[in-house]
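Numbering of the sequence shown is given in our numbering, commencing with residue -10 and proceeding in unit increments. Using N, Cα and C, we set each Cβ at its ideal position, and we do this for glycine too. Read the structure below first, then the notes.
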Amino acid sequence: QENPYLFTYRNSNYSSSLETSNTKVISQRIYGTNIPCFDRDPSDTVPVSVHNLKPADIRVIAALGDSLTAGNGAASKPHDVADVLTQYRGVSWSVGGNENISTVTTLANILREFNPSLIGYSIGTGRETTDNAALNQAVAGNHAEHVPAQVRRLVDRMKNDTRINMQTDWKLITLLIGGNDLCDFCENPVHYSPENYTFNLQKALDMLHREVPRAFVNLVTILSITSLRELHKSANSCPKLLMRILCPCVLNPDDNSDEFKKLVYFNRRYQERTRQLVESGRYDTTDDFTVVMQPFLTNVNIPKTQEGLPDSSYFAPDCFHFSQKSHSQAARALWNNMLEPVGQKTDNQQIEDEILLKCPNAAEPFLRTYKNSNYTYPNQTSNYGSQLLCEDRSPSSPPATSVHSLKPADVKIIAALGDSLTAGTGIASDNLLDLDTEYRGLSWSIGGDASLEDVTTLPNIFQEFNVTIVGYSTGTGSENDSNAFLNQAVPGAQAEHLPAQARNLVRLMKTDPRIDFSADWKLITVHIGGNDLCNCCKDPDHYSAVNFISRIRETLDILHEQASAVPKALVSLVEVMDLLPLRQLFMDTQVQCPTYMADYLCSCVLTGEENSPNLTMVREVTRDYQLGIRRLVESGRYDTHENFTVIIQPFLQNPKIPLGQDGHPDVSYFSPDCFHPSQKGHSQLAKALWNAVLQPVDQKADSFDFVADIVLACPTQNNPFLATYKNSNYTHLPVEPTNEPIENWGSDLSCSEQAPSSPVPTSVHELQPADIKVIGALGDSLTVSSAAFPP
């Protein structure tokens, strides 16, 4: 059993004691590998399931990717930088087929030891269009967006190859892409965003899933590319200037700079989103196809010499691409990853370590998939944490005395007023029956469940600066429950209910022993208006902009009162959200939203035809609400003291509904009613709010994209404070610009006595204003108000 074969030099692991003088032979042999596996037989019958696939069952091998898979510079001589343009496809880690395993270690050569009839591997040198490239369709310089075109060429080559039976031959396809995306991401972060990167991977994998039966796809996680910076900082012969031009976004940023931190973030998000794509189960719908993430490069470090210096022998002369030494190690690591159970795969393979090949055995004879690993994909909605890369998290020293010099760590109290959005209605609901639950601990502006690592909310971000912050809500319940704390938002609340919330908030802050009311700095987030807009078409007078602004003013006045009611406070007033884009969720017939609830949820917005009078009214009222709030705050009414201010956060002015890859609205950002945001949506709102709080007043975002990959901003040396009008050097615009027509004709009524007479007067000469019950008018066009509202 242990030695079933007639002994030969090779299966005896025999090495001649005679040393050859041929240095070329020596250099080749160091890249060979011994395969210690005895069971190299295929399955008794060709398997019908990808989960029962033995190495020897693989008949076709292929690869997609960039210059790493094309083999650029893999066999170049030291210092010959120009030769890095040569594509040594025959020694490429995942698909090269030069010579055999005794001299060249590649995944293809390993598999050839199990199935000598393997086809598809590349040999020699050349571009992807050459015959010897075979099914190595990687293209040097390609980005993720180019992979679908590679798939098209690969599928066409396989279909046109008479040796390949597309229906019955098992195929192994390896894909690694992303290095060039990271090299260029800083020049166009939107184009090379993690979303676009993953979308392009998905397009490519979807094509394979659709057109290639009997396929096992290795999706190799992009390596931690920042480690290459170390090689280019050392005193060596690396062409540093050239590579800084070719890969500026990786090699040019200074250590610990914002640009470097963004690179680290993008790199990790590429890796994380790759994992999420695979673990979505999207490619496990049939028994003859799967995609398995192979993560061995995820946490790779730069290989070091015994002296602890970067070892350039593992790299091509450009100190960027792999030399054959690294290609050999990558091949061994990939093979081992393929045999490791999903959930237990090596994700920190170090290139300089000795890598011994693993073998299939009687108990575990198959290439590992989620199914034969007994692995259950984790719930994708379970974690909506974020990473905060800010280094300076210190409070002011001495303590801040002005609201215009307030650092994040100075905030000790956090609070919120509003409606169901802030109360957390339906955030974690998975069915319509749970929509009455208020998940206050997950609320975007005030929730404090778990920590930022798992739950992204404004308080959890602030806790990264000040762990003693208080006021946030946890768990579920109403505003009256103790765990709601300073989250006094009430589902269904309208602007007219906001003053009562403000009074309750002040009372709670004054009476809670954890709060030093006079000394502690407070951040209060206020957001209201959705329910007003949802009902404005039913009673235009009651929900007029004049009344709305009056109620907002009353609320802010309660908090302000010449800065004595709530001293040391920054009020973050989030602008009224434009709800009209939400109609897309209810108008698109391909989206599974409860359209029957449209009238109940928000009749004035979600029902009716486009350009109907009601929608026109909503559009105008939304604009008037937003404009009125801006004029109120920019009047300077709340900038009378150094310890209080109100700042508008305008990012909800222009929300963009998230779309899936199919072009239809992505309902994963919403609760089951398709109206309230889900935790995924709240996480995005929290990130946008945090960034808005830091953005200078005249540079604040006035739009919000649910699907954007929002990187949490950090205070900087030039802008260390929460942004206010004063520290932004922003001058309030005139409340009523002389070059524009006046649009708000409301007035302040300061009369304190508004009660009627008691008893009802019997003389017209004793009539008070409140005694009037009926009003009418007669007259001409002046009273008719002809042309009062010109087009």
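Beta-carbon contacts of residue i that lie in its chain and below 8 Å, excluding the five residues immediately before and after
| i | result |
| --- | --- |
| Gln743 | Pro758, Ala759 |
| Val594 | Leu522, Cys523, Leu568, Leu569, Leu571, Arg572, Leu604, Val607 |
| Lys396 | Ser383, Pro384, Ser385, Ala389, Phe454, Pro704, Pro709, Phe710, Leu711 |
| Val35 | Asp46, Thr157, Trp159 |
With 16 other Cβ atoms within 10 Å as the buried cut-off, status of residue i
| i | result |
| --- | --- |
| Tyr359 | buried |
| Lys676 | buried |
| Lys527 | exposed |
| Lys645 | exposed |
| His221 | buried |
| Val749 | exposed |
| Tyr614 | buried |
| Thr22 | buried |
| Tyr186 | buried |
| Pro726 | For Pro726, the predicted structure reports a pLDDT of 44, less than 50, and the residue's modelled location is therefore unreliable. The matter cannot be settled from this model. |
| Val37 | exposed |
Contacting residues, own chain, Cβ-Cβ under 6 Å from residue i (five flanking each side not counted)
| i | result |
| --- | --- |
| Asn154 | none |
| Val610 | Cys525 |
| His393 | Thr713, Lys715, Asn716 |
| Glu102 | Ile24, Ile90 |
| Arg142 | Gln126 |
Whether residue i touches residue j by CB criterion (8 Å)
| i | j | result |
| --- | --- | --- |
| Phe278 | Asn41 | no |
| Leu346 | Leu286 | no |
| Ser375 | Thr463 | no |
| Phe659 | Leu771 | no |
| Val696 | Pro647 | yes |
| Ser130 | Ala51 | Going by the sequence as given, residue 130 is Gly instead of Ser. Against a cut-off of 8 Å, the Cβ pair of Ala51 and Gly130 comes out as no contact. |
| Val563 | Leu683 | no |
| Leu328 | Leu701 | no |
| Tyr20 | Thr94 | yes |
| Thr151 | Val84 | no |
| Val280 | Val331 | no |
| Lys689 | Pro349 | no |
| Leu208 | Thr274 | no |
| Leu783 | Phe249 | Nothing can be reported for residue 783: it is not among the residues displayed for the chain, which extend from -10 to 780. |
| Val479 | Val515 | no |
| Leu431 | Gly415 | no |
Cα-Cα separation, residue i to residue j
| i | j | result |
| --- | --- | --- |
| His316 | Ser301 | 14 Å |
| Asn326 | Met498 | 56 Å |
| Tyr714 | Arg492 | 26 Å |
| Asn61 | Cys236 | 15 Å |
| Asp55 | Ser223 | 26 Å |
| Gly460 | Gln295 | 54 Å |
| Tyr428 | Val565 | 22 Å |
| Asp30 | Glu343 | 27 Å |
| Arg542 | Phe451 | 28 Å |
| Ile15 | Gln313 | With a pLDDT of 35 at Ile15, under the threshold of 50, the modelled position of this residue cannot be trusted; read the value that follows with caution. Between Ile15 and Gln313, the C-alpha separation is close to 14 Å. |
| Lys148 | Val201 | 10 Å |
| Thr411 | Ile403 | 13 Å |
| Ala508 | Trp433 | 26 Å |
| Asp276 | Pro284 | 23 Å |
| Ser106 | Ala97 | 11 Å |
| Thr58 | Asn420 | 46 Å |
| Gly617 | Leu266 | 44 Å |
| Val535 | Pro639 | 20 Å |
| Leu240 | Asp381 | 24 Å |
| Arg540 | Gln483 | 9 Å |
| Glu341 | Ile291 | 9 Å |
| Asn121 | Asp336 | 32 Å |
| Glu117 | Glu184 | 28 Å |
| Ala71 | Ala204 | 37 Å |
| Asn169 | Ala322 | 22 Å |
Neighbourhood of residue i by C-beta, 7 Å cutoff - its chain only, sequence neighbours within 5 removed
| i | result |
| --- | --- |
| Tyr627 | Leu545, His549, Phe633, Thr634, Val635 |
| Tyr366 | Glu268, Gly270, Tyr359 |
| Gly765 | none |
The ligand ADP heavy atom lying under 7 Å from the CB of residue i
| i | result |
| --- | --- |
| Asp55 | With respect to small molecules bound, the structure shown includes none, and the ligand ADP cannot be examined in it. |
Runs of alpha helix (DSSP H) lying entirely within the segment 516 to 601, each at least 4 residues, in chain order | Here the runs fully enclosed are 519 to 524, 534 to 549, 572 to 576, 587 to 595.
At 4 residues or longer, and completely inside the segment 207 to 284: list those alpha helix (DSSP H) runs for me, N to C.
-> 217 to 222, 229 to 235, 237 to 240, 247 to 268
Could you tell me which uninterrupted alpha helix (DSSP H) segments, each at least 4 residues in length, are contained entirely in the segment 57 to 112, listed from first to last along the chain?
-> 96 to 101
Please go through the segment 671 to 714 and give each complete beta strand (DSSP E) segment of 3 or more residues, from N-terminal end onward.
-> Within the segment 671 to 714, the runs of beta strand (DSSP E) at least 3 residues long that lie entirely inside it are, in chain order, 692 to 694.
Can you give, in chain order, each stretch of the alpha helix (DSSP H) that sits fully within the segment 273 to 360 and has at least 4 residues?
-> 313 to 328
In chain order, which alpha helix (DSSP H) runs of at least 4 residues are fully inside the segment 635 to 667?
-> none
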